[in-house]
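Visitor: So the sequence shown is numbered by the working numbering: it starts at 197 and just counts up by one.
Pasting a structure here, questions to come.
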Amino acid sequence: MAESKETPLMEKIVSLCKRRGFIFQSSEIYGGINGFWDYGPLGAELKRNVKELWWRSMTQQREDVVGLEASIIMHPKIWEASGHTSTFSDPMVDCLLTKKRFRADQVEPQSGNAYHFLGAINKDDFLHLLLDSSEHIDVRDEGATSFHLQLKTGATGKELTARLENLRRASKLSFCPDPFSVLATVGKPIESALKVARQFYEQRGLKDPTMILVGKEKVENSQRFNPENGALLTEPRQFNLMFKTYVGPVESEENVAYLRPETAQAIFAQFKTVLEVSRQKIPFGICQIGKAFRNEINPRNFTFRSREFEQMELEFFIKPDEAVEAISGRVANAADIWKENIEHRTSNAEHPTSGSQPSTLNPQPQPDWGWEARHKYWVQERIRWYESIGLPRASLEEYWQKKDELAHYARATVDILYKFPFGAQELEGIAARGDFDLSQHQRFSGKPMGVFDDELKAAWARLDETKKKELGQRYHDARLKYLAQMGVAAEESAKQAREDADGLARGNYIPHVIEPSAGVDRLILALICHAYSEDQAPDEKGHLETRVVMRFHPCIAPIKVAVFPLLKNKPDLVNKAKEVRDLLRPHLTVFYDEAGAIGRRYRRQDEAGTPFGVTIDFETLGEKGPELKDTVTLRDRDSMKQERVKIGELVPLLLEKVR
Ligand code: ATP
Numbered sequence: 197m198a199e200s201k202e203t204p205l206m207e208k209i210v211s212l213c214k215r216r217g218f219i220f221q222s223s224e225i226y227g228g229i230n231g232f233w234d235y236g237p238l239g240a241e242l243k244r245n246v247k248e249l250w251w252r253s254m255t256q257q258r259e260d261v262v263g264l265e266a267s268i269i270m271h272p273k274i275w276e277a278s279g280h281t282s283t284f285s286d287p288m289v290d291c292l293l294t295k296k297r298f299r300a301d302q303v304e305p306q307s308g309n310a311y312h313f314l315g316a317i318n319k320d321d322f323l324h325l326l327l328d329s330s331e332h333i334d335v336r337d338e339g340a341t342s343f344h345l346q347l348k349t350g351a352t353g354k355e356l357t358a359r360l361e362n363l364r365r366a367s368k369l370s371f372c373p374d375p376f377s378v379l380a381t382v383g384k385p386i387e388s389a390l391k392v393a394r395q396f397y398e399q400r401g402l403k404d405p406t407m408i409l410v411g412k413e414k415v416e417n418s419q420r421f422n423p424e425n426g427a428l429l430t431e432p433r434q435f436n437l438m439f440k441t442y443v444g445p446v447e448s449e450e451n452v453a454y455l456r457p458e459t460a461q462a463i464f465a466q467f468k469t470v471l472e473v474s475r476q477k478i479p480f481g482i483c484q485i486g487k488a489f490r491n492e493i494n495p496r497n498f499t500f501r502s503r504e505f506e507q508m509e510l511e512f513f514i515k516p517d518e519a520v521e522a523i524s525g526r527v528a529n530a531a532d533i534w535k536e537n538i539e540h541r542t543s544n545a546e547h548p549t550s551g552s553q554p555s556t557l558n559p560q561p562q563p564d565w566g567w568e569a570r571h572k573y574w575v576q577e578r579i580r581w582y583e584s585i586g587l588p589r590a591s592l593e594e595y596w597q598k599k600d601e602l603a604h605y606a607r608a609t610v611d612i613l614y615k616f617p618f619g620a621q622e623l624e625g626i627a628a629r630g631d632f633d634l635s636q637h638q639r640f641s642g643k644p645m646g647v648f649d650d651e652l653k654a655a656w657a658r659l660d661e662t663k664k665k666e667l668g669q670r671y672h673d674a675r676l677k678y679l680a681q682m683g684v685a686a687e688e689s690a691k692q693a694r695e696d697a698d699g700l701a702r703g704n705y706i707p708h709v710i711e712p713s714a715g716v717d718r719l720i721l722a723l724i725c726h727a728y729s730e731d732q733a734p735d736e737k738g739h740l741e742t743r744v745v746m747r748f749h750p751c752i753a754p755i756k757v758a759v760f761p762l763l764k765n766k767p768d769l770v771n772k773a774k775e776v777r778d779l780l781r782p783h784l785t786v787f788y789d790e791a792g793a794i795g796r797r798y799r800r801q802d803e804a805g806t807p808f809g810v811t812i813d814f815e816t817l818g819e820k821g822p823e824l825k826d827t828v829t830l831r832d833r834d835s836m837k838q839e840r841v842k843i844g845e846l847v848p849l850l851l852e853k854v855r
């Protein structure tokens, strides 16, 4: 999808991230390295909070999901089985002028006039050419500095090139024979194209090039030209996105390994081991958070497309629909489940602090749910989670991939998009992947990936013959389709599919999977974009000034509470403030700040997104009467309202607010 250029809002966000230490360029002192980012003190806290909340909601608060932390480098066969070695590639093009690299399918389509040049000659050699080649060319002067040559009607480019080549050989001419094209977008004159062409030929050694124009063509929605300068792009080449390395000291083919491009495959490879040790039964899930690496052709939009990033992935293993039907007598219709169970609530909350209530309820999964209901359940579950950490429903979109967009093994894929300042873009993909992954690992490793389901075995024995036949046939056909798609020979596929169907009757099957796969860094960027806001607040003299506030939901805010003594030079205030800081620290991330005017200190915390500020003043010390002794002011970042609270009540009150 083509993306628009960064907006000024994005620039403000990037600059705030750097200034306040959320995110900055990796290796900045050496000029940075494209596609790699570091998280500073605030960013690191924010990221940890988000990952912890995901982990908690996925595993610790559920009965049916367990965790895994696998290595980044794995056996290279894993990537053959998953298809990454052969197909994980993107089409790449380069600008012929600047060498800038693009993903061919993401070049912004453009319309206008394309000018095609056969080559160029030095202006000094002009005279020669005029004398020698006047039967072939016209000389056109389109502007003071933009002489160009145009073929006469009837002359062919080939004849002219041959002629020029002869002249060059006879040392009469500086001629560059590289063809080139430039697009002048609608409304732009030919000069703009000539200017770019000049640069192209200057790069090739001509001091003062005169271009040989051989054609002008109207183009519509073309992705063949660099949107930044109109220069022609190279033909697309496929480029594998995996980072390659070598295991051990010898850099030979047999020692090649890859940095994982996703965390999911480790889950599939360890599926049987985890199943055994966790004493789980299908349906259940395995989740993992970890680094992934993709040698993206064109990292862009800040951290949105990086080369090193983190993923939070769940593989939720389910029974195939035939097994569900055998056990429950039916497969529940997904649409009906949500129609019957969901009470829709509209969330009209604008700001995350008030928008944490999920807008929909999700029904509890039932034994008669097939893949469709399980998939929908996870889509809803994930949206609810995003809402719970401060992205309101209205900021998200659900994109159901169309049939022709689906990967060949996927039955359905939903992308959850966030409305970034540069457009609505994917945060997470939730795919129903059938039994593709485990089947692939079974074939490539030779190890069985199927499970035995005693419930299915018992249920199968109770089925009548017609039902057995029908379910067995459906399972057989699905297995056969997969094997044929994978290029397994017809005879072997037929035999294997038969065996698989017989296995189902005995309670064996390869589990199917629903995969919610989210990117941590994209989510952090979405949360930062959503939190960024500007409003007007009075400065110390009461004049209104623009205040930048990061309105993070308190549960993800890097710092939960800031503690301030009203004045730095009053030891009693400072000591009391430090006491309060030490009281809060075991429970919450606290920032203590005594430097500068109190208003400035509030502003600094507003920019850091700290939801609460506690100020210790003379009332706290009991100097304004005994009734206010040991109370503090508690300031709310969003409303800027202050209330007086007893020190003894601070911990439970704040813990309640930041949940
Ligand atoms: P895209 O189409 O944007 O390249 P994808 O569909 O290839 O993404 P998946 O392979 O489904 O992405 O990966 C799951 C998630 O991992 C994505 O939804 C995204 O949040 C994250 N992700 C993928 N590639 C990157 C990247 N280069 N930088 C940051 N996050 C990424």
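Each residue gets a CB set at the ideal place from its N, CA and C atoms; glycine is no exception.
For clarity, every value in this text was computed on a predicted model and none was experimentally measured.
1. In chain order, what residues of the same chain have a beta carbon less than 8 Å from the beta carbon of residue 561, not counting five sequence neighbours either side?
2. Please list, in chain order, all residues of the same chain as residue 486 whose beta carbon is under 6 Å from its beta carbon, the five residues on each side excluded.
3. Roughly how many angstroms lie between the CA atoms of residue 473 and residue 648, to the nearest whole one?
4. Rank 461, 681, 841 by C-alpha distance to the C-alpha of residue 603 and give the top, closest one.
5. So, is residue 293 buried or exposed, given that buried needs 16 or more other C-beta atoms within 10 angstroms?
6. What does the shell around the ligand ATP hold, if a residue joins when its beta-carbon is under 6 Å from any heavy atom?
7. With a threshold of 8 Å, are at least 3 pairs of Cβ atoms found where one atom belongs to the region 613-630 and the other to the region 704-722?
8. Looking at C-alpha atoms only, which residue of 623, 605, 577 is the closest neighbour of residue 593?
9. Is residue 679 closer than 8 Å to residue 689 when the C-beta atoms are compared?
10. Under a Cβ-count criterion, where at least 16 other Cβ atoms within 10 Å of its own Cβ denotes burial, should residue 362 be classed as buried or exposed?
11. Is it true that the CB of residue 683 sits closer than 8 Å to the CB of residue 746?
12. What are the start and end residues of the beta strand (DSSP E) that includes residue 414?
13. For a minimum of 3 consecutive residues, which ranges assigned as the beta strand (DSSP E) are wholly contained in the region 603-687?
14. Could you please give the first and the last residue of the uninterrupted alpha helix (DSSP H) stretch that includes residue 395?
15. What did DSSP end up calling residue 767 once you bin it into helix, strand or coil?
16. Among 450, 764, 207, 250, whose alpha-carbon lies nearest the alpha-carbon of residue 440?
17. Starting from the Cα of residue 316, find the closest Cα among 289, 302, 371 and give me that residue.
18. How would you call residue 509, buried or exposed, if buried means at least 16 neighbouring beta carbons within 10 angstroms?
19. Along the chain, where does the alpha helix (DSSP H) that runs through residue 565 open and close?
20. Where residue 838 and residue 773 are concerned, what is the direct C-alpha to C-alpha distance, given to the nearest angstrom?
21. Can you say whether residue 822 is buried or exposed, counting buried as having 16 or more other CB atoms within 10 angstroms of its CB?
22. From this set, 813, 516, 720, which residue's C-alpha is nearest residue 582's C-alpha?
23. Near residue 417, which residues of its chain fall below 8 Å by C-beta distance, leaving aside the five closest residues on each side in sequence?
24. Out of 452, 475, 482, which one is the CA nearest neighbour of residue 465?
25. Are residue 309 and residue 391 touching if we call contact CB-CB under 8 Å?
26. CA-CA distance, residue 668 and residue 521?
27. Between the C-alpha atoms of residue 295 and residue 430, what's the straight-line distance to the nearest angstrom?
28. Is residue 635 buried or exposed, if buried means 16 or more other CB atoms sit within 10 Å of its CB?
29. Within 10 Å of its beta-carbon, does residue 819 have 16 or more other beta-carbons around it, so buried, or fewer, so exposed?
30. Which two residues bound the contiguous beta strand (DSSP E) that contains residue 483?
31. Would you mind reading off the limits of the alpha helix (DSSP H) that contains residue 464?
32. Give me, in chain order, the residues of the same chain whose beta-carbon lies closer than 8 Å to that of residue 780; leave out the 5 immediate sequence neighbours on both sides.
33. From the DSSP output, read off the bridge partner residues of residue 440.
34. Quick test of your reading: residue 718 and residue 494, contact by CB under 8 Å. State the CB separation rounded to the nearest angstrom.
35. Once DSSP output is grouped into helix, strand and coil, what is the label at residue 179?
Guide: This is what the structure holds:
1. Close CB contacts of residue 561 within its chain, under the 8 Å cut and outside five residues either way in sequence, are with 479, 569, 570, 573 (chain order).
2. For residue 486, where only same-chain residues beyond five positions count, the Cβ hits under 6 Å are 459.
3. Cα to Cα, the separation comes out at about 15 Å.
4. Across the set 461, 681, 841, the C-alpha of 681 shows the shortest separation from the C-alpha of residue 603.
5. Buried.
6. Chain-ordered list of matching residues: 458, 490, 492, 501, 502, 505, 507, 622, 623, 624, 625, 713, 714, 715, 717, 718.
7. Per the Cβ contact rule, the region 613-630 is in contact with the region 704-722 (3 or more Cβ pairs under 8 Å).
8. Here the closest residue by C-alpha is 623.
9. Yes; because the gap between Cβ atoms is below 8 Å, this pair is in contact.
10. With fewer than 16 neighbouring CB atoms inside 10 Å of its own CB, residue 362 falls in the exposed class.
11. For residue 746 and residue 683, no; Cβs fall outside 8 Å.
12. Per DSSP, residue 414 belongs to the beta strand (DSSP E) from 405-418.
13. Counting whole runs of 3 or more residues, the region 603-687 contains the beta strand (DSSP E) stretches 608-616, 619-628.
14. Counting along the chain, the alpha helix (DSSP H) containing residue 395 begins and ends at 386-399.
15. If DSSP states are grouped into helix, strand and coil, residue 767 belongs with the helices.
16. Among 450, 764, 207, 250, the Cα nearest to that of residue 440 is on 450.
17. Per the Cα distances, 371.
18. Burial call: buried.
19. Boundaries cannot be given for residue 565, as no alpha helix (DSSP H) includes it and DSSP labels it neither H nor E.
20. Spanning the two alpha carbons is a distance of roughly 17 Å.
21. With fewer than 16 neighbouring CB atoms inside 10 Å of its own CB, residue 822 falls in the exposed class.
22. Ranked by Cα distance from residue 582, the options 813, 516, 720 are led by 720.
23. Contacts found: 305, 306, 307.
24. That would be 482, whose Cα lies nearest to the Cα of residue 465.
25. It is not a contact, given that the beta carbons lie outside the stated cut-off.
26. Approximately 11 Å between the Cα atoms of the pair.
27. Residue 295 and residue 430: Cα-Cα distance of roughly 9 Å.
28. With 16 or more Cβ atoms within 10 Å of its Cβ, residue 635 is classed as buried.
29. Exposed, since its Cβ has fewer than 16 Cβ neighbours within 10 Å.
30. First-last of the beta strand (DSSP E) with residue 483: 480-489.
31. For residue 464, the enclosing alpha helix (DSSP H) starts and ends at 460-465.
32. Contacts found: 757, 759, 786, 810, 846, 847, 850.
33. Here residue 440 is bridged, per DSSP, to 454.
34. Residue 718 to residue 494, Cβ: 16 Å. No contact.
35. In the structure as shown, the chain begins at 197 and stops at 855. Residue 179 is therefore absent and cannot be evaluated.
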